[in-house]
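Number of protein chains: 4
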Amino acid sequence: MPASVIRAAVCGATGYIGAQCVEILDRHPAIELTRLLGRSSAGKPFAAAVPGSRISLQVEGGMDVGDAEVVFAALPHTVAAAHAREWLDAGRVVVDMSADFRLTDPAAYARWYGLEHPAPDLCKQAVYSLVEFHREAIAASDLLAIPGCYPTASLLSSLPALREGLVEPDVVIDAKSGASGGGRSPSLGFHFSEVNESVRAYGVDGHRHKAEMIQELNAAAGRAVRLTFVPHLIPMTRGILATTYLHPVAGRRVADVAELMRGLCAANPFLRYDEVSPATKSVTGSNTAAVNVTDQDGVAVVTVAEDNLVKGGAGQAVQAVNIRFGLGETTGLPVSSQWP
Amino acid sequence: MPASVIRAAVCGATGYIGAQCVEILDRHPAIELTRLLGRSSAGKPFAAAVPGSRISLQVEGGMDVGDAEVVFAALPHTVAAAHAREWLDAGRVVVDMSADFRLTDPAAYARWYGLEHPAPDLCKQAVYSLVEFHREAIAASDLLAIPGCYPTASLLSSLPALREGLVEPDVVIDAKSGASGGGRSPSLGFHFSEVNESVRAYGVDGHRHKAEMIQELNAAAGRAVRLTFVPHLIPMTRGILATTYLHPVAGRRVADVAELMRGLCAANPFLRYDEVSPATKSVTGSNTAAVNVTDQDGVAVVTVAEDNLVKGGAGQAVQAVNIRFGLGETTGLPVSSQWP
Amino acid sequence: MPASVIRAAVCGATGYIGAQCVEILDRHPAIELTRLLGRSSAGKPFAAAVPGSRISLQVEGGMDVGDAEVVFAALPHTVAAAHAREWLDAGRVVVDMSADFRLTDPAAYARWYGLEHPAPDLCKQAVYSLVEFHREAIAASDLLAIPGCYPTASLLSSLPALREGLVEPDVVIDAKSGASGGGRSPSLGFHFSEVNESVRAYGVDGHRHKAEMIQELNAAAGRAVRLTFVPHLIPMTRGILATTYLHPVAGRRVADVAELMRGLCAANPFLRYDEVSPATKSVTGSNTAAVNVTDQDGVAVVTVAEDNLVKGGAGQAVQAVNIRFGLGETTGLPVSSQWP
Amino acid sequence: MPASVIRAAVCGATGYIGAQCVEILDRHPAIELTRLLGRSSAGKPFAAAVPGSRISLQVEGGMDVGDAEVVFAALPHTVAAAHAREWLDAGRVVVDMSADFRLTDPAAYARWYGLEHPAPDLCKQAVYSLVEFHREAIAASDLLAIPGCYPTASLLSSLPALREGLVEPDVVIDAKSGASGGGRSPSLGFHFSEVNESVRAYGVDGHRHKAEMIQELNAAAGRAVRLTFVPHLIPMTRGILATTYLHPVAGRRVADVAELMRGLCAANPFLRYDEVSPATKSVTGSNTAAVNVTDQDGVAVVTVAEDNLVKGGAGQAVQAVNIRFGLGETTGLPVSSQWP
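Protein chains in written order, with this note's numbering: chain S, 2 to 341; chain E, 2 to 341; chain L, 2 to 341; chain R, 2 to 341.
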């Protein structure tokens, strides 16, 4: 335990991303949970809303984060944005796990989310915290926008090869997600008997998460990338698999993509290169993203598996905070998965 | 009930495709099950191997199909091929649900399956029985090669647009299958605790089913089609979803693909056009393939859902036999799915 | 097809029990679906609410059943009861799949359901339609109360031995149900990520279904039966398994219970005696209840498996209607299950 | 990290219990993994057999445990028994997770397992290591027999009340287990498509685990207890729920049982009393057993949920070793579950 710990609040603490964040922070040696906020469970012990939890804090209503130095916000979009200025002005670090600060252009936000951004002036200030690509900016920012679960897996699979100019800027990403990615609010689309024993695509004409992916891919590639992204709902709770199809440019081969990705994995503590395409179960409960590149008749098929609530959410948020506060990047983060 | 019924044998009757075939034939008004053959359950009642079945026939060992006029073979590859000549010489119609007669070129078979074809002279005689595209040839043949479960969904999604020249001959098909597609023989890859709560790609460097797809796509397009096909294992029992990515050629638009597919569905009793991308659950237990075309920024995303054991196997076999024997195409085939 | 078909309306047509009823009736040779009623889907085609359905009827709002001769009501409790008098007065047969008419004593209803019965005078008139035990009364009644899914499996497992005095009147029934038994209205308790990879008991201090079970068991045994009934939620969509523990009275043995149950199964078209304890999958999609009796050191362990939406709901309703209208009991009802 | 760590070998390291043991020990601050043994994966890295593992040890063949001070054996029955004498003579502590040393009477072993015990003289020496009841004996023994997954949940639910004479010695335990309890060897009974969407009872005429339960219950109650125990296979990977039915003796009430169990939970770090009957998901990944007692019309329904691989296997083994070596009982053991 370091001499001084960092005080943290979690807003939206009893949703799936929020609860995952709470569980990670509870075991973090340098961060102390000082406040849990949540609307639906306000006034109840955290463990009443998250069965099996050993955390003894109460969930409180409202948006008062107390004396927290860092605020983890796992809220529906627009909510964190409406409070971010106030939190920042009070000297706190704001870690937003919603989509509110992922797009640097408020107009793009308005287009994709169908409403005006509540804090347009902050959009440029936020750092898109896909940690493996933006460590320096993260270390220097007080407003961290944590990527969505789909963008994390998707960008890890495609951005490096595009940035290096190894592949054509026309990318297909076919993503498969467990149902926890849809959150904890009951709806017919996530009702057990509708999801179980079935797989379906959704958002086929353009999922909202596509916006931030295009923003990042264009910036990395230095030109317009055509992205076709189709998410699918899988009858499982946790896990995302992105299957990405990349065509090497003339003079490049799939082996170049594979070598690039092996190097990337070797250089990053939470990326793991697997010799066979990874099963999502191999990363369940861990902050690791597993990567494989396979050559199918000249096309690079890049698969990336992650736990959508950890590396695709709360784990990545803590990873970014570790960097922001100068802690070791891996501090307090789960590296082991649970098999089976 | 017609004046005379057709006598049928099912070989490999207690595997998943075989058992599905038996159940469909048992309810078929113009076909009578006269013999069930199976190695592992030889000597036992069919219902001892397939719990809940009301069929009273015994499973017999060996390969004697008795006086059957039509032989449905749901056997490991090479087995049916070794017996096909004998069955054909005895005047029977042979319906092979393995891969043995799907490739017209025995050399291609040797390359993809790693062994010499047991009956190379029969390969050209067999009809690739993707019913919607080959009715006339089916009606005239005694050797019907039923497409695999993946090829059925994949070809339905891509062949029409390629045949009409609407899309570029560079196709990505990302397919998702339930575990019953892997058959009934226990192995670690299909052990419950390994499959459950996980999704993974497999055969990423080139699945065997790719061979027959390329054969059919090339023939339909009249030129070489580049196909990238990646199958995935989904934690569910039944169902395949093919998500197919097609780039319209210059001068064509996604709407042209959609119109083509709507027309195809209207003209075929077992194709259904859905206004939203179909869930596999919407076809469970039925011989229907559900189709949707969606425009994502100029790319045609074609999704096709089928029950892998019915339209992707035994149902399509019976559909082909209906045509071969001049019965109504839909005779005895399930059109309703079970929801939920 | 009989000379004249019976016109039927289904109320609550797009819930799980309602939709199952619609699908069965659609294939029934002597019943014609003339009207589908439903609140949430009013004005939409049935297939818009029940994906994959081939039924072309629209769902209508309100409670006007048109010229239907038989009304199948799959509604929340109290709704059917409020309309039953009006339907009966108009000469219709009313088949209620809710709990409203299962208790003959309106006071018991008030106690268990927490509100006054909307039509107390009808309670005595209704017939508890567990078909295997009440065929004569069903044939003579215009108000059929279809048992709940749990009571059907539970009573089949315990009532015969109690009626014959073979076992002590102190019974434990441990029941396991798939999530479709909880209906189609989204709630946290049936949210995919909460149900999946978990099993839990609920209603442990006394589930509402216990009331009708005690009523029937007491009547059959001719004395007060002590019933301990605990239902469990299983991460599957369909199926109920009741595991019932019966202690033979002095002078009787488990073999007597087994013999009784074998005889019962032999005498009833929808009961099947299995030599090994049945898996629920062996009855999925069928109206069959599978039964086994095993001796464990002198205790009779009776297991009964059923599809909760078919034999535990809509299938049993149609079975009762077949009897009521003098049709063959098995007419139009599925006997085959789907494996796997 | 203590001054000196304990060297440990795990035999059968790549089965489910073995792998769980390896993962726990890898994070244990006072135990060092020095050798992993396994037949099927001999010569391969551990992570090749257990996807996602970060453990770099190789799996070795044979039974040479090197310089390990403690041997964790997760082997098929008879294998550990055949090597135990040799290990003990070499001064090692032997922790057997098979059934070999759970029965103190070798004749009972022969009766239930159908073969002669390989080391009958050791049976009396072994301590049945259900930690909550046998801490002193565990601390003094070199041969620890870890209870099976079913017995752990079942005994926790029933033994205390029987020991205190609160309930009749006629107990029904209806247990539900995820498929990982069946181990990692593929078989039709655990093939995904057979297990999924189904629930079934098995071992209904007397499961082997019943033997050790009766031994322990009789000893605790001081008289013969009649136990009826029926296990069920649930379509999930991890988790056991035992639902136990206890009839209070005259003069006692369910509240007495509840009070007893509350006290037991308060006094033991890995028992948790829940106010509502626990879902197995609330203990997934943790060494906690969750307990609830509910009164249903005078019968005590005791439910106990555990992770079958942790508290029902490897976790309990480590818990016992902690006690044996004088470490804190909770050292290195997971207390948090993963939700969802």
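Using N, Cα and C, we set each Cβ at its ideal position, and we do this for glycine too.
*Is L:T153 helix, strand or coil when you go by DSSP?*
Residue state, collapsed to three classes: helix.
*Close-in-space but distant-in-sequence residues of the same chain around R:L328 (CB under 6 Å, 5 per side omitted)*: Counting only Cβ-Cβ distances below 6 Å, and skipping sequence neighbours, we find A31.
_Member of S:A306, S:H29 and S:F191 whose CA lies at the smallest distance from the CA of S:P1_ = Residue 1 of chain S cannot be examined here, being either before or after the span of chain S that is shown, 2 to 341.
*When we look at the beta-carbon of L:R343 and count the other beta-carbons within 10 Å, is it buried (16 or more) or exposed?*
The structure shown has nothing for residue 343 of chain L, since chain L only spans 2 to 341.
*Secondary structure at R:A138, three-state DSSP: helix, strand or coil?*
For R:A138, the secondary structure class from DSSP, reduced to helix, strand or coil, is helix.
*Contact residues within the segment 236 to 254 of chain L, judged by C-beta distance below 9 Å to chain R*: Going along the segment 236 to 254 of chain L in chain order, one finds P236, M237, T238, R239, G240, I241, L242, T244, Y246 and H248 with a Cβ nearer than 9 Å to chain R.
_Here's the rule I'm using: 16 or more other beta-carbon atoms within 10 Å means buried, otherwise exposed. How should S:R112 be labelled?_
Exposure of S:R112 is indicated by the presence of fewer than 16 other C-beta atoms within 10 angstroms of its C-beta.
*By a C-beta neighbour count over all protein chains shown, 10 Å radius and 16 as the cutoff for buried, is R:E137 buried or exposed?*
Burial is judged here by how many other beta carbons sit within 10 angstroms of a residue's own beta carbon; R:E137 has fewer than 16 and is exposed.
*For the beta strand (DSSP E) that S:L123 lies in, which residues bound it at each end?*
Neither: S:L123 is in no beta strand (DSSP E) and is coded neither H nor E.
*List the residues of chain E whose Cβ lies closer than 8 Å to the Cβ of R:V196, in chain order.*
Near R:V196 (Cβ distances below 8 Å), the residues of chain E are F193.
*Leaving aside the five residues before and after S:H135 along the sequence, list all residues of the same chain whose C-beta is less than 7 Å from its C-beta, in chain order.*
Only V128 and Y129 meet the Cβ criterion.
*With which residues is R:C12 paired in a DSSP beta bridge?*
DSSP lists R:L38 and R:A74 as the bridge partner or partners of R:C12.
_On the criterion of 16 or more Cβ atoms from any shown chain inside 10 Å, does R:G183 qualify as buried, or is it exposed?_
With 16 or more Cβ atoms within 10 Å of its Cβ, R:G183 is classed as buried.
*Taking Cβ to Cβ, would you say L:A180 is nearer than 7 Å to S:S194?*
Contact flag set, yes.
*Per DSSP, R:E307 is paired with what?*
Answer by DSSP bridge pairing, in chain order: R:I241.
*Which two residues bound the contiguous beta strand (DSSP E) that contains S:R273?*
Where S:R273 is concerned, the enclosing beta strand (DSSP E) stretches over L272 to Y274.
*Contact list for the segment 160 to 183 of chain L against chain S, Cβ threshold 7 Å*: Correct list: A180 and S181.
*Go through its chain and collect everything with a Cβ distance to L:Q339's Cβ below 6 Å, but skip five positions before and after it.*
If you ignore the 5 residues before and after L:Q339, its C-beta comes within less than 6 Å of the C-beta of T285 and G286, all in its own chain and listed in chain order.
*So E:I147 is in the alpha helix (DSSP H); what residue range does that whole segment cover?*
For E:I147, there is no enclosing alpha helix (DSSP H), as DSSP gives it neither H nor E.
*asked:* Taking beta-carbon pairs under 8 Å, can you tell me which members of the segment 33 to 46 of chain S lie near chain E?
replied: Answer in chain order: no residues at all.
*Return the residues of the segment 3 to 34 of chain S that lie within a Cβ-Cβ distance of less than 9 Å from chain L, sorted by chain order.*
For the segment 3 to 34 of chain S, the set of positions with a beta-carbon nearer than 9 Å to some beta-carbon of chain L reads Y17 in chain order.
*Partners in chain R for L:D308, counting only beta-carbon separations shorter than 8 Å*: Chain R residues near L:D308: none, gap ~11 Å exceeds 8 Å.
_Residues of chain R with CB closer than 7 Å to the CB of S:P341, please, in chain order._
Per Cβ cutoff of 7 Å: Y17, S181 and T238.
*Return helix, strand or coil for S:E330, following the three-state DSSP convention.*
Three-state result, S:E330: coil.
*How would you list, in chain order, the residues of chain E whose beta-carbon sits under 7 Å from the beta-carbon of L:S283?*
Correct list: P52 and G53.
*Does the beta-carbon of S:G67 have 16 or more other beta-carbons within 10 angstroms, so that it is buried, or is it exposed?*
Exposed.
_Range of the contiguous beta strand (DSSP E) that encloses L:Q320_ = Looking at the DSSP string, L:Q320 is not in any beta strand (DSSP E); the run it does join, the alpha helix (DSSP H), is G316 to R325.
*Along the chain, which unbroken stretches of the alpha helix (DSSP H) at least 4 residues long are found entirely within the segment 254 to 291 of chain R?*
Taken in chain order, the unbroken stretches of alpha helix (DSSP H) that lie wholly in the segment 254 to 291 of chain R and span 4 residues or more are 255 to 268.
_Sequence-distant residues of its chain with Cβ nearer than 8 Å to R:A109 (five each side left out)_ = Cβ neighbours of R:A109 within its own chain (closer than 8 Å, five residues either side excluded): A212 and Q216.
*asked:* Rounding to the nearest angstrom, what Cα-Cα distance links S:A120 and R:E33 in this structure?
replied: Between the C-alpha atoms of S:A120 and R:E33 there is a straight-line separation of about 52 Å.
*Leaving out five residues before and five after E:V71 in sequence, what residues of the same chain have Cβ atoms less than 7 Å from its Cβ?*
Once the five neighbours on either side are set aside, the close Cβ partners of E:V71 are I7, A9, R93, V94, V96 and V322.
*Identify each residue in the segment 324 to 337 of chain S for which the Cβ-Cβ distance to at least one residue of chain R is less than 8 Å, and report them in chain order.*
Only those residues of the segment 324 to 337 of chain S whose C-beta falls short of 8 Å from the nearest C-beta of chain R are listed: V336 and S337.
_Under 8 Å, with one C-beta from each stretch per pair, do the segment 309 to 321 of chain L and the segment 219 to 229 of chain R reach the 3-pair mark?_
Too few Cβ pairs lie closer than 8 Å, so no.
*For S:R185, which residues in chain L fall below 9 Å Cβ to Cβ?*
Taking the beta carbon of S:R185 as reference, the chain L residues within 9 Å of it are L189, H192, S194 and E195, listed in sequence order.
*With 7 Å as the threshold, decide whether the Cβ of E:V205 is near any Cβ in chain R.*
It does not: the Cβ of E:V205 has no partner Cβ on chain R nearer than 7 Å.
_Inter-residue Cα distance where the pair is S:S5 and E:V200_ = Going from the Cα of S:S5 to the Cα of E:V200 covers about 42 Å.
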